[in-house]
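Asker: Residue numbers (this note's numbering), protein chains in the order written: chain A, 2 to 316; chain B, 2 to 316. Cβ coordinates follow ideal geometry from the N, Cα and C atoms, glycine included.
2 protein chains.
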Amino acid sequence: MKKEETKAFRDNWIRFVYNLQDEICTALEAEDGGAQFKTDNWERAKGRGGGGVSRIMENGAVFEKAGVNVSVVYGRLTDKMKKVLNIGLSSGEGSWFACGISLVLHTQNPFVPAVHANWRYFELHDEAGNVIDRWFGGGADLTPYYLFEEDVVHFHTMFKDAIDPFGTELYPLYKKQCDEYFSNTHRDNEMRGLGGVFYDHLKVSNEEEATRLFAFQEANGNAFLKAYLPIVQRRKNMPHTTENKTWQEIRRGRYVEFNLLHDRGTIFGIKTKGRTESILMSLPPTVKFVYDYHPEPGSEEDKLLQACKHPKEWV
Amino acid sequence: MKKEETKAFRDNWIRFVYNLQDEICTALEAEDGGAQFKTDNWERAKGRGGGGVSRIMENGAVFEKAGVNVSVVYGRLTDKMKKVLNIGLSSGEGSWFACGISLVLHTQNPFVPAVHANWRYFELHDEAGNVIDRWFGGGADLTPYYLFEEDVVHFHTMFKDAIDPFGTELYPLYKKQCDEYFSNTHRDNEMRGLGGVFYDHLKVSNEEEATRLFAFQEANGNAFLKAYLPIVQRRKNMPHTTENKTWQEIRRGRYVEFNLLHDRGTIFGIKTKGRTESILMSLPPTVKFVYDYHPEPGSEEDKLLQACKHPKEWV
């Protein structure tokens with residue numbers, strides 16, 4: 002497929018992610034009622050194409066640290082890049098294009114879960130600039146510090162509802178992939194949170210698929226606020242103790258471990274010389290690393306931990 | 002070289018690291034005056050050989066989190082292990098043996114530097130159990146949060162003095178390797194601290210070298226307390242503000258980034274299914290990740306940062 006023919010599609014996707022960024026930031030600011038997002042426009046270092054817009058809120062009333070980032074980046078398909086993308090192209094360099102929105106929200110109140118979501122689009126081009134492969138990826142996952150089953154059920158249900166029109170076999174598959182992906186393999190596969198949905202390499206093989214998968218991405222992106230904000234509203238004013246906050250900070254340590262040791266997005270960003278501050282905005286504002294910490298069996302903290310160790314069907 | 006012939010050497014090294022662990026923990030407890038080390042004996046999971054002794058102190062008067070670990074581990078030289086060790090053995094599985102002491106000390110007072118040291122010994126065996134390669138590695142590095150030049154000079158001088166009898170060309174080389182190794186490549190090579198010495202693959206090619214390199218390791222190990230304790234004594238009672246502590250916690254974020262993204266020891270441990278709690282004892286007790294934080298130019302915080310960005314000769 003000629004490069005020019007996918008330009009309109011690419012541009013539509015770029016427009017969609019920037020609009021979604023605006024919509025989500027506006028809603029989060031309203032929900033917070035205190036802090037506002039700071040906007041950083043950035044460009045990649047010389048010789049590398051593209052840039053992005055990072056929007057960051059810190060020390061809000063509700064959100065202790067929130068990042069909602071868009072990046073639109075491209076470059077030559079070097080051997081290193083092929084390795085990072087796990088692509089076995091036989092000859093020639095070609096080029097790649099990637100555009101996505103990525104958000105991570107860390108909250109003040111330990112009863113409000115942290116949340117992460119990402120929706121992305123990739124293209125690979127041959128040396129002549131023709132599109133030889135293109136695909137979507139994405140997902141959203143919830144990281145509670147205390148287990149309120151109704152919150153987890155609500156979050157999963159909203160994404161199931163968004164995905165079901167595209168095939169009822171998809172939510173169970175993407176839910177399972179999410180459990181498997183956000184797993185600290187060095188801690189006996191303990192999950193960093195209670196999942197959601199995760200998918201990658203949804204191949205755009207023809208124009209019909211392009212339309213269908215774009216709509217699928219839109220459905221997921223548009224489900225985010227409906228999935229997350231009601232949970233925030235239910236929990237944000239719940240009184241909590243120093244011990245609750247400490248537990249949140251200990252669990253945030255697992256979040257850091259996952260992101261820096263295992264997360265493909267983070268490692269992709271770091272290896273492709275992405276903007277470090279935008280990539281690492283995902284790291285929680287305050288964290289505690291306590292040696293060999295185990296919550297008391299049967300405690301509320303332990304209930305959450307057990308849920309992270311034993312994935313279950315929430316919907 | 003027959004496996005049995007190196008047994009006495011291995012045993013001597015194991016004895017040395019356990020003695021050094023005792024000596025260092027005793028001295029640190031005395032310096033702390035408050036908390037004591039907790040001892041965890043551990044064994045590797047079934048099917049994997051060896052184990053170790055982790056000694057951890059938390060919430061001391063001086064040391065907020067301190068770990069002094071010994072591990073004595075061995076196993077079959079699988080393809081995965083060859084990849085981790087970066088070994089290109091042509092055929093056969095063989096086996097490997099590793100024994101080392103590793104310590105990381107994080108302090109309450111932000112004017113007292115954190116410190117890390119590690120001294121290790123490796124053997125590779127062919128399928129018949131003969132030693133086909135063996136080497137030492139190690140080093141020590143200082144991570145201050147404020148720049149007291151006399152502290153950094155003292156630390157470097159003590160290791161230079163320990164190393165010089167083995168060749169005056171070595172300290173400058175190992176100092177440079179340390180600067181290069183403990184570098185956050187994703188942050189324009191900003192160092193996590195102000196260095197020390199780092200060396201690896203000091204090949205034990207014959208018995209004379211075995212004796213000489215063992216003595217070299219001893220000289221380094223024995224230099225540690227002399228290099229570090231005087232700095233602790235000078236700084237531990239200095240009054241400090243919340244802002245000083247916050248800066249320490251922000252810099253500790255860089256420590257976490259280095260250890261989880263770049264540190265070969267951490268990644269080796271995680272990939273070889275080492276004991277997670279012992280490996281990750283290196284992570285600081287409290288950490289802050291602030292988006293795009295820059296200290297005020299010319300401030301004390303900035304002076305430290307500039308020193309981390311621009312390595313210099315301290316001795």
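Against chain B, with Cβ distances strictly below 8 Å, would A/Lys289 count as a contact?
Answerer: Yes - at least one Cβ of chain B is within 8 Å of the one on A/Lys289.
Asker: Could you compute how far the alpha carbon of A/Lys83 sits from the alpha carbon of A/Glu5?
Answerer: It is roughly 23 Å from the alpha-carbon of A/Lys83 to the alpha-carbon of A/Glu5.
Asker: Give me the DSSP bridge partner(s) of A/Gly222.
Answerer: Paired residues: none, contrary to the question.
Asker: Got a sec, what are the start and stop residues for the beta strand (DSSP E) A/Ala118 sits in?
Answerer: For A/Ala118, the uninterrupted beta strand (DSSP E) run begins and ends at Ala115 to His126, by DSSP.
Asker: By how many angstroms is the C-alpha of A/Phe98 removed from the C-alpha of A/Arg49?
Answerer: 11 Å
Asker: So, is the C-beta of B/Met1 closer than 8 Å to a C-beta in chain A?
Answerer: Residue coverage of chain B in this structure runs from 2 to 316, which leaves residue 1 of chain B outside it and unanswerable.
Asker: So, with DSSP's three-state summary, where would you put B/Tyr75?
Answerer: strand
Asker: Can you tell which of B/Phe64, B/Thr108 and B/Gly139 has its C-alpha closest to the C-alpha of B/Ala118?
Answerer: B/Gly139
Asker: Between the C-alpha atoms of A/Asp80 and A/Glu94, what's the straight-line distance to the nearest angstrom?
Answerer: 8 Å
Asker: For A/Ser72, does the count of other Cβ atoms within 10 angstroms reach 16, so buried, or fall short, so exposed?
Answerer: Burial check for A/Ser72: the Cβ neighbour count within 10 Å reaches 16 or more, so the residue is buried.
Asker: Mind reading off the beta-carbon distance from B/Tyr122 to B/Trp43? Whole number of angstroms is fine, and I expect it under 8 Å.
Answerer: The Cβ separation is near 19 Å, so there is no contact.
Asker: Determine the direct distance from the alpha carbon of B/His157 to that of B/Ile232, and round the result to whole angstroms.
Answerer: 12 Å
Asker: Using alpha carbons as the reference points, say which of B/Pro240, B/Glu258, B/Gly222 and B/His311 lies closest to B/Trp120.
Answerer: Closest option to B/Trp120, Cα to Cα, is B/Gly222.
Asker: From which residue to which residue does the beta strand (DSSP E) around B/Thr144 run?
Answerer: Per DSSP, B/Thr144 is one residue of the beta strand (DSSP E) stretching across Val132 to Thr144.
Asker: Beta-carbon separation of A/Leu106 and A/Ala67 under 8 Å?
Answerer: yes
Asker: Please list, in chain order, all residues of the same chain as B/Trp136 whose beta carbon is under 8 Å from its beta carbon, the five residues on each side excluded.
Answerer: Contacts found: Tyr122, Phe123, Asp201, His202, Leu203, Lys204 and Val205.
Asker: Can you check DSSP and say which residues form a bridge with B/Trp97?
Answerer: B/Gly76 and B/Leu125
Asker: Check whether chain A comes within 8 Å of B/Met82, counting only Cβ atoms and requiring the distance to be less than that.
Answerer: no
Asker: Look at the alpha carbon of A/His155 and the alpha carbon of A/Thr243, and state the distance between them as a whole number of angstroms.
Answerer: 28 Å
Asker: Would A/Thr277 pass as an interface residue toward chain B - the criterion being a Cβ-Cβ separation below 8 Å?
Answerer: yes
Asker: Scan the segment 134–151 of chain B for residues whose Cβ lies nearer than 8 Å to a Cβ of chain A and list them as they occur along the chain.
Answerer: Per Cβ criterion, the list is empty.
Asker: If I follow the unbroken alpha helix (DSSP H) through A/Thr27, where does it start and stop?
Answerer: Lys8 to Asp33
Asker: For the candidate residues A/Asn245, A/Ala9 and A/Glu128, whose alpha-carbon lies nearest to that of A/Leu148?
Answerer: A/Asn245
Asker: Output the residue ranges of the beta strand (DSSP E) runs that lie fully inside the segment 174–230 of chain B and measure 3 residues or longer, sorted by chain position.
Answerer: 197–204
Asker: Buried or exposed for B/Gln234, going by 16 or more other Cβ atoms inside 10 Å?
Answerer: exposed
Asker: Which residues bound the alpha helix (DSSP H) around B/Asp152?
Answerer: Glu150 to Ile164
Asker: List the whole-angstrom C-beta distance separating A/Val288 from A/Arg265, where the pair is believed to meet the contact cut-off of C-beta under 8 Å.
Answerer: A/Val288 to A/Arg265, Cβ: 22 Å. No contact.
Asker: Return yes when the C-beta of B/Ala224 is under 7 Å from any heavy atom of the ligand FMN, and no when it is not.
Answerer: The ligand FMN is not part of this structure, which contains no ligands at all.
Asker: Just the C-alpha distance for B/Glu65 and A/Asp33, rounded to the nearest angstrom, thanks.
Answerer: 34 Å
Asker: Between which two residues does the alpha helix (DSSP H) carrying A/Ser300 extend?
Answerer: Taken as a continuous stretch (DSSP letters only), A/Ser300 belongs to no alpha helix (DSSP H), as it is neither H nor E.
Asker: Tell me which same chain residues have a C-beta within less than 7 Å of the C-beta of A/Gly101, skipping the five on either side of it?
Answerer: Within the same chain, A/Gly101 has close Cβ partners Val18, Ser72, Asn119, Trp120, Arg121 and Tyr122.
Asker: In whole angstroms, give me the CA-to-CA distance for A/Glu30 and B/Asn185.
Answerer: 34 Å
Asker: Anything in the segment 52–64 of chain A with a Cβ closer than 7 Å to a Cβ of chain B? List those residues in chain order, please.
Answerer: Ile57 and Glu59
Asker: Nearest-angstrom Cα distance between A/Leu284 and A/Ala9?
Answerer: 35 Å
Asker: So A/Thr144 and A/Ala115 are in contact, right, with Cβ under 8 Å, and what is the actual spacing, rounded?
Answerer: 4 Å
Asker: Count the C-beta pairs between the segment 299–311 of chain B and the segment 268–285 of chain B that are closer than 8 Å, then say yes if the count reaches three, no if not.
Answerer: Cβ pair count under 8 Å is below three, so no.
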